[in-house]
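Report on the structure given below.
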Amino acid sequence: MSPEPILVEQLSKTYQVPEREGGFGAAVRSFFKRKYKDVKAVEKVSFRIEPGEVVGFLGPNGAGKTTTLKMLSGLLHPTSGRASVLGFTPWERKSDYLRSMTLVMGQRNRLSWDIPAADSFLLNQAIYRIPDDEYKKTYKELDELLELEPLMKKPVRNLSLGERMKCEIAAGLLHRPRVLFLDEPTIGLDITGQARIREFLREYNRRTGAAILLTSHYMADVTALCERIIIIHHGQLKYDGGLTDLSRKIAPFKLIGVMLSDADSHDLSRYGTEVQNEEDMDKRYLQVRADEVTRVTSQLLADLPVHDITIADPPIESVIEQAFNQ
Amino acid sequence: MLNIFKRLWQVNWAEQWQYRANLIMYLLYWLVSPIIYLSVWTSIASAKGSVNGFTAGDFVNYYMILLIADQFTSNIVIHNFAYKIQDGSLSGELVRPIHPMLTNTLVNNLAFKALILAGFTPVWLVLTLIFKPDFSGVTWQGVLLSIPAMLLGFIVGFLLSAAITSLAFWTTRVYSLHEFYFAVILLFSGQFVPLTLMPKIVQDIAQYLPFQLFMYYPIQLILGKLTTAQIIQGFVVGLVWLGLSILFFNFVWRRGVKQYSAVGA
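Protein chains in written order, with our numbering: chain A, 1 to 326; chain B, 327 to 591.
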């Protein structure tokens, strides 16, 4: 067994995208001579993920997250760079490699639309050569965590979005992969559904020691599952490290919230940068450097009619947004 | 591997059942053009006595067997695969440790054929009552030999269609390309007209092409119209094309998968 499940070095992917202006003339011209534009989806990204690690892969839309996952699961050939997962080069697409990893993407993947999920599960059992007893055991575990049984007999097309996602994830894990690439695994699920998938993934990781690389737009997925995050933006790696370190490195600020009598009449600009907090309109918020917090707090208390005061870390969303924009 | 095919069969068979109405449309589509050619040629032959020695009865025999050969050798790869490349739904199949074309798509075609055959058989029997073919020339040797011949025709046809369908990795216009390929088949397989009625030069070319394996060659085998030398030549040409189509498909597929951009989710 290789020492590290995922090793990525200088991985790049450039798409050639046909482009033309609108209008009839341009359409005719493009028929004879097409113009292509190079779009750098991923640019010289390097990282390494150890066995058992759960890593959140973050970035705004179009940052190159999915492209990276597709390369690591062998769907896409990179333009340059190297990657090794469990000792395999993913895009060589060796059967032994495909049997030991999984890629869960969106809604439509492993399940046949027109037939009950149970049939697709049995097909996967055959494809991944899962012995009967092991299959039963894994299915039982999946059923306990995801409550699959009531869904198995219905044609997949008749399942709700969330039900389908549960079945997709289960279908992708029947063969007990050692590496999981999950693209938005909780998309379309309600709050309980999301929490259940999270709990399930944490449990799966604990039981099997599988490495997980996941993207999500739900920050709760990331904070619940990942100790480490990788941020990419415009195809380039912006941050790779602990989730807790992120705020310290990217945004070493705290938010001080104060509730004042006749709140609007005071000028707070000399204490720090005032910021909006949509969730709490009763207080006014100041962004203050972490090492200034004690000084500013005591000054506020001394100078102003403060009813209530809170000190908190900035929300992870806004920290990550700052990281994108750096 | 056998187990995989068994499960694939179950899934694809169940899927095909979901599309029964669709299947009937396919069946009609498949029947229409041979029956038109049959009707046109028999009426010309009856009016003139014969066309280059082909009597109306000969045309009836030829096209009634053609309907069978067509059922066994044709495929629907373009219809159930090209869109997966174009909309990215192939991704789900590509991450599985089995070949998407040579397992799932192959079985899907077979399930389709099995089901359509069930609808085809009664229709064919009714057609024999209408057109009254004379099968007195049919020999059991011919029928037996036609089985491996049609199998060869199906495999070669499947691989060629698979290779052409795989061009969808590069172009979104693969359907028009396939239409052109279809026209070539129409001409050189003996569907439009029995190859013996074609100009000499076309016949000379056609006997070395793979398309006669789809229709003309097995039909003539069944009708007992081929000499031993012609039978051997047909199989040799078929086997050579089998090798060539394997190489061709592999060549296109390997490059295509590298080209794949896994669009969409």
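Where is the CB? At the ideal position from N, CA and C, for every residue including glycine.
Quiz item: Would you call B:Trp343 buried or exposed, if buried means 16 or more other Cβ atoms sit within 10 Å of its Cβ?
Solution: exposed
Exercise. Count the CB pairs spanning the segment 137–145 of chain A and the segment 447–464 of chain B that are closer than 8 Å, and state whether there are at least three.
Key: no
Exercise. List the whole-angstrom C-beta distance separating A:Asp183 from A:Gly106, where the pair is believed to meet the contact cut-off of C-beta under 8 Å.
Key: 7 Å
Practice problem: Could you check if A:Thr192 is buried or exposed, using at least 16 other CB atoms within 10 Å of its CB as the buried criterion? | Solution: exposed
Quiz prompt | Unbroken beta strand (DSSP E) run spanning B:Met524, endpoints | solution = Careful: B:Met524 lies outside any beta strand (DSSP E) and carries neither H nor E.
Quiz item: Would you say B:Pro520 and B:Tyr388 are within 7 Å of each other, going by their C-beta atoms?
Solution: yes
Exercise. Take B:Tyr352 as the anchor and find which of B:Thr381, B:Leu441, B:Tyr409 has the nearest alpha-carbon.
Key: B:Leu441
Practice problem: For A:Arg228, write down the residues that DSSP places opposite it in a beta bridge. | Solution: A:Val55, A:Gly242
Quiz item: DSSP beta-bridge partners for A:Ile49?
Solution: A:Ile6
Quiz item: Between which two residues does the beta strand (DSSP E) carrying A:Glu274 extend?
Solution: 273–275
Quiz item: Mind listing which residues of the segment 406–439 of chain B have their C-beta closer than 8 Å to chain A's C-betas, in chain order?
Solution: Ser415, Ser417, Gly418, Leu420, Val421, Arg422, Pro423, Ile424
Quiz item: What span of residues does the beta strand (DSSP E) with A:Lys285 cover, start to end?
Solution: Residue identity differs from the one stated: residue 285 of chain A is Tyr in this sequence, not Lys. Its beta strand (DSSP E) spans residues 284–289.
Quiz prompt | Beta bridge counterpart(s) of A:Ile311 as assigned by DSSP | solution = A:Ile256
Quiz item: Which residue from B:Leu354, B:Met541, B:Val500, B:Arg581 puts its Cα closest to that of B:Phe407?
Solution: B:Val500
Quiz prompt | Residues that A:Asp340 contacts on chain B, provided the C-beta gap is smaller than 9 Å | solution = Lying before the first or after the last residue shown, residue 340 of chain A is absent from chain A, which here runs from 1 to 326.
Self-check item: A:Tyr204 versus A:Gly188, A:Arg176, A:Leu213, A:Gln236, residue with shortest Cα-Cα distance
Solution: A:Arg176
Quiz item: Based on Cα-Cα distance, which residue from B:Ala395, B:Ser365, B:Asp396, B:Ile558 lies nearest to B:Gly383?
Solution: B:Ser365
Quiz item: In whole angstroms, what separates the C-alpha of A:Phe32 from that of A:Pro18?
Solution: 13 Å
Quiz prompt | Burial state of B:Met390 (16 or more Cβ within 10 Å) | solution = buried
Quiz item: B:Leu420: beta carbon under 6 Å from a heavy atom of the ligand PLP?
Solution: The model on display carries no ligand, and the ligand PLP is accordingly not part of it.
Practice problem: Just confirm the distance between the C-beta atoms of A:Gly209 and A:Arg228, as a whole number of angstroms; I'd bet it's less than 8 Å. | Solution: At roughly 16 Å, the Cβ-Cβ gap does not stay under 8 Å, so A:Gly209 and A:Arg228 are not in contact.
Quiz item: Would you say A:Ser95 reaches chain B, if we count a Cβ-Cβ gap shorter than 7 Å as a contact?
Solution: yes
Practice problem: Alpha carbon to alpha carbon, how far is B:Tyr586 from A:Lys13? Give it in angstroms, no decimals. | Solution: 13 Å
Quiz prompt | Pairwise C-alpha distance: B:Arg581 and B:Ala489 | solution = 11 Å
Quiz item: Name the chain B residues whose beta carbon is nearer than 9 Å to that of A:Ser112?
Solution: Val337, Asn338, Ala340, Glu341
Exercise. Express the C-alpha separation of A:Lys154 and A:Pro116 in angstroms, rounding to a whole number.
Key: 5 Å
Quiz prompt | Inter-residue Cα distance where the pair is B:Ala591 and B:Lys439 | solution = Bear in mind that a pLDDT of 41 at B:Ala591, under 50, signals an unreliable position, so the number given afterwards is only what the model happens to contain. Taking the straight line joining both Cα atoms gives about 32 Å.
Quiz item: What span of residues does the beta strand (DSSP E) with A:Phe200 cover, start to end?
Solution: Not the beta strand (DSSP E): A:Phe200 falls in the alpha helix (DSSP H), residues 191–208.
Self-check item: Residues bridged to A:Gln236 (per DSSP)
Solution: A:His233
Practice problem: Report the rounded CA-to-CA distance for A:Val296 versus A:Met219, giving the unit in angstroms. | Solution: 30 Å
Self-check item: Pair within 7 Å by beta-carbon distance, B:Gly516 and B:Tyr542
Solution: yes
Quiz item: Applying a beta-carbon distance threshold of less than 7 Å, which residues of chain A neighbour B:Asn329?
Solution: Ala126
Quiz item: Run through DSSP, which three-state label would A:Leu268 get?
Solution: coil
Quiz item: Which of the residues in the segment 69–83 of chain A, read from start to end, lie with their CB under 8 Å from any CB of chain B?
Solution: Lys70, Ser73, Gly74, Leu75, Leu76, His77
Quiz item: Taking the DSSP output, what are the residues bridged to A:Asp114?
Solution: According to DSSP, which records beta bridges pairwise, A:Asp114 is partnered with nothing at all.
Quiz item: When Cβ atoms are compared, which residues of the segment 570–587 of chain B fall closer than 9 Å to chain A?
Solution: Val583, Lys584, Gln585, Tyr586, Ser587
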